[in-house]
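Structure first, then comments.
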Amino acid sequence: MDLVGKDEVTQIERTSQTKSLGASLRVGLRESVSIENTQLESRLASLEGELVDLKEKDRLYLEETKR
Numbered sequence: 004m005d006l007v008g009k010d011e012v013t014q015i016e017r018t019s020q021t022k023s024l025g026a027s028l029r030v031g032l033r034e035s036v037s038i039e040n041t042q043l044e045s046r047l048a049s050l051e052g053e054l055v056d057l058k059e060k061d062r063l064y065l066e067e068t069k070r
């Protein structure tokens, strides 16, 4: 009986540790995804700015070539 009790306690401890580890991994993954999203949003904004600049340069070039 004593061994069964110890095995049950060990299993409960392992289950608890697994759940805790799973929760920690989910938090870490959320943080990682959040950081990546922020970086991607920043890069997108930069690319959108470059696109606006290129459109303006293209417009100016077309105006000059019409003359």
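In case it helps, the numbering used here puts the sequence shown at residues 4 to 70. Each residue gets a CB set at the ideal place from its N, CA and C atoms; glycine is no exception. This structure is a prediction, so every number in the text was calculated from the model and none was measured.
- Collapsing the DSSP output to three states places residue 70 in coil.
- Between the alpha carbons of residue 62 and residue 42 lies a distance of about 30 Å.
- In this model, residue 39 and residue 14 are separated by some 37 Å (Cα to Cα).
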